[in-house]
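Residues in the sequence shown are numbered from 181 upward in steps of one, following my numbering. Here is the structure we will look at.
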Amino acid sequence: MTDKLQLAVNHAMNDAISRARMAMANPTMGIDAKRTSAWCEYGFKQTLTFDDLYNLFRRGGIAYGGVTKLNGHCWKTSPQVIEGDKADKSKKETGWEASLKKLVTKRIWREFKEADQRRLVGRYSGLILHINDGSKWHEPVKTSKLLKKVTPAWASAIKPTGWVTDINSLDYGQPKLWQYTESLPNGGTRNINIHPDRVFILGDYSIDAIGFLEPAYNAFVSLEKVEGGSGESFLKNAARQMNINFDKEINFSNLASMYGVSVEDLQGKFNEAAAEINRGNDTLLTTQGASITQLVSPVSDPTPTYTVNLQTAAAALDIPSKILVGMQTGERASTEDQKYFNSRCQSRRESELSFEIEDFIDHLTRIKVLEPIPEKTVIWDDLNEQSATEKLDSGEKMSRINQTSLATGEPVFTVEEIRTAAGYENESDEPLGELDEDTKDKDRDKGRNESRSDSG
Numbered sequence: 181m182t183d184k185l186q187l188a189v190n191h192a193m194n195d196a197i198s199r200a201r202m203a204m205a206n207p208t209m210g211i212d213a214k215r216t217s218a219w220c221e222y223g224f225k226q227t228l229t230f231d232d233l234y235n236l237f238r239r240g241g242i243a244y245g246g247v248t249k250l251n252g253h254c255w256k257t258s259p260q261v262i263e264g265d266k267a268d269k270s271k272k273e274t275g276w277e278a279s280l281k282k283l284v285t286k287r288i289w290r291e292f293k294e295a296d297q298r299r300l301v302g303r304y305s306g307l308i309l310h311i312n313d314g315s316k317w318h319e320p321v322k323t324s325k326l327l328k329k330v331t332p333a334w335a336s337a338i339k340p341t342g343w344v345t346d347i348n349s350l351d352y353g354q355p356k357l358w359q360y361t362e363s364l365p366n367g368g369t370r371n372i373n374i375h376p377d378r379v380f381i382l383g384d385y386s387i388d389a390i391g392f393l394e395p396a397y398n399a400f401v402s403l404e405k406v407e408g409g410s411g412e413s414f415l416k417n418a419a420r421q422m423n424i425n426f427d428k429e430i431n432f433s434n435l436a437s438m439y440g441v442s443v444e445d446l447q448g449k450f451n452e453a454a455a456e457i458n459r460g461n462d463t464l465l466t467t468q469g470a471s472i473t474q475l476v477s478p479v480s481d482p483t484p485t486y487t488v489n490l491q492t493a494a495a496a497l498d499i500p501s502k503i504l505v506g507m508q509t510g511e512r513a514s515t516e517d518q519k520y521f522n523s524r525c526q527s528r529r530e531s532e533l534s535f536e537i538e539d540f541i542d543h544l545t546r547i548k549v550l551e552p553i554p555e556k557t558v559i560w561d562d563l564n565e566q567s568a569t570e571k572l573d574s575g576e577k578m579s580r581i582n583q584t585s586l587a588t589g590e591p592v593f594t595v596e597e598i599r600t601a602a603g604y605e606n607e608s609d610e611p612l613g614e615l616d617e618d619t620k621d622k623d624r625d626k627g628r629n630e631s632r633s634d635s636g
């Protein structure tokens, strides 16, 4: 018992010394100017690597949900790239748009979506372009080529090797080559040097780039402590650890001789008895001069602490907490959160993804996979567009307003406006001049018959 106590003391001393050395080596750790080692005490890392962010995404439920919800909602539908500056439904599809659809298929957009998700986990991700131009990976793209497929790559698998140092070059500061670490089916890996023509990067691979999960990392660490700590408390109480309190008159030598063991091995007999008690349903434990109690630690409600850290993580990810965890408390609150999340994803589509898609098209144009055009536009559908039920409700409200306004003698909305608000196309009345001759004759005969019946 003394040796175990000494080991515990030594471990605590070594831990305190390590924290002190870390605080001295990292005087700017954290943002608390008074307590420079605060982050060390909290368990927060000063520098985050890709492995930290990837492990958080792979094993953290809230972090995984934040990435997949944002990525999935932004890519709820695939974008459309058109020739020109705006979409016109009456305009026919151009030849360039037809060639783009054949080249950038739904499978390509699916891989682009996957690369976008990997970029949210790391600070950037890559798309490996498989082009059948007969050249090797480290060579630039030649003529007579076709984009066969693309392969998304994690930030840890695609890294720049060497930089263009010629200040007069248009590629100054850009990577000379990219090194791709390919995972083999047998579990091994191999490194391939790839020319920049055959790589498209999403995100920012600069040193000072900030990842999507990075601002929320500390909150996720605290969430893990709350989840793990509360779970450990429940486990310890469920394990029914027992405490045996012997009277001071008990002679342990006589007690050990009853079991035929030494005093040092007496603890093992107690553990066997406790295991039998915990294992069986109807088990009797006989004691003499000893009282047995269970070691139960009080478990506090983790909800308040968990909620604070969840709100911090939601604020860092810019995703409402009720959307992040799927909690619905109140119809109006959940509806407002959904509208905000739709607007957030729509904004990300137009202010971030659209530019990267344009850069992707420009990259394919530069390596002459696509023909150049003067202007192009990336368009998305509207995530805030009303549903069919909401459109019908709007039409119904407009009809009620018309009924109320009839007292003044004139409706507020026309039939066409109500049909449009309800999500239906307007009925078009064709003029008589556009009808065929048989229809015209029938209408004339009908008019003559009605006139004769009126005169008769």
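Cβ atoms here follow ideal geometry from the backbone N, Cα and C, with glycine treated the same way.
Start and end residues, alpha helix (DSSP H) containing residue i
i, result
"residue 176", "In the structure displayed, the chain extends from 181 to 636; residue 176 sits before or after that span and is not available."
"residue 583", "568-585"
"residue 545", "534-546"
"residue 221", "218-222"
"residue 432", "432-439"
"residue 501", "501-505"
"residue 595", "595-601"
Coil, strand or helix - residue i by DSSP
i, result
"residue 285", "coil"
"residue 305", "strand"
"residue 531", "helix"
"residue 323", "coil"
"residue 451", "helix"
"residue 522", "helix"
"residue 589", "coil"
"residue 215", "coil"
"residue 415", "helix"
"residue 517", "helix"
"residue 549", "coil"
Residue burial classification, residue i (beta-carbon count within 10 angstroms, cutoff 16)
i, result
"residue 298", "buried"
"residue 519", "exposed"
"residue 499", "buried"
"residue 364", "exposed"
"residue 471", "exposed"
"residue 489", "buried"
"residue 360", "buried"
"residue 438", "exposed"
"residue 537", "buried"
"residue 343", "exposed"
"residue 164", "No statement about residue 164 is possible, as the shown extent of the chain runs from 181 to 636 and does not include it."
"residue 415", "exposed"
"residue 398", "buried"
"residue 350", "exposed"
"residue 659", "Residue numbering for the chain in the displayed model covers 181 to 636; residue 659 lies beyond these limits and cannot be assessed."
"residue 494", "buried"
"residue 559", "exposed"
"residue 389", "exposed"
"residue 402", "buried"
"residue 370", "exposed"
"residue 200", "Note that residue 200 has pLDDT 49, beneath the 50 cutoff, so the model's placement of it is unreliable and the number below is only indicative. So residue 200 ends up on the exposed side."
Beta-carbon contacts of residue i that lie in its chain and below 8 Å, excluding the five residues immediately before and after
i, result
"residue 319", "375"
"residue 585", "591, 592"
"residue 312", "325, 326, 328"
Segment limits, beta strand (DSSP E) that includes residue i
i, result
"residue 396", "Here residue 396 belongs to no beta strand (DSSP E), and DSSP marks it neither H nor E."
"residue 557", "556-559"
"residue 312", "It is not in any beta strand (DSSP E) - residue 312 carries neither H nor E in the DSSP assignment."
"residue 473", "470-474"
"residue 564", "Careful: residue 564 lies outside any beta strand (DSSP E) and carries neither H nor E."
"residue 424", "422-426"
7 Å CB neighbourhood of residue i in its chain, flanking five on each side removed
i, result
"residue 377", "320, 321, 547"
"residue 517", "500, 502, 503"
"residue 615", "Any answer about residue 615 is weak, because its pLDDT of 42 lies below 50 and its placement is not dependable; what the coordinates show is given next. So the list is empty, once near-sequence residues are dropped."
"residue 522", "563, 564"
Same chain, Cβ closer than 6 Å to residue i, five either side skipped, listed in chain order
i, result
"residue 497", "246, 396"
"residue 295", "305, 307, 332, 382"
"residue 215", "none"
"residue 392", "300"
"residue 482", "406, 410"
"residue 424", "470, 472"
"residue 597", "none"
Residue-chain proximity (residue i, chain C), Cβ-Cβ < 8 Å
i, result
"residue 347", "Here chain C cannot be found, since the structure has a single protein chain."
Cβ-heavy atom distance, residue i to the ligand SAM, below 7 Å
i, result
"residue 490", "This structure lacks the ligand SAM, and indeed carries no ligand of any kind."
Completely contained alpha helix (DSSP H) runs for the segment 325-393, where each covers 4 or more residues: none
Residue ranges of each alpha helix (DSSP H) within the segment 220-281, 4 or longer: 230-239, 241-254
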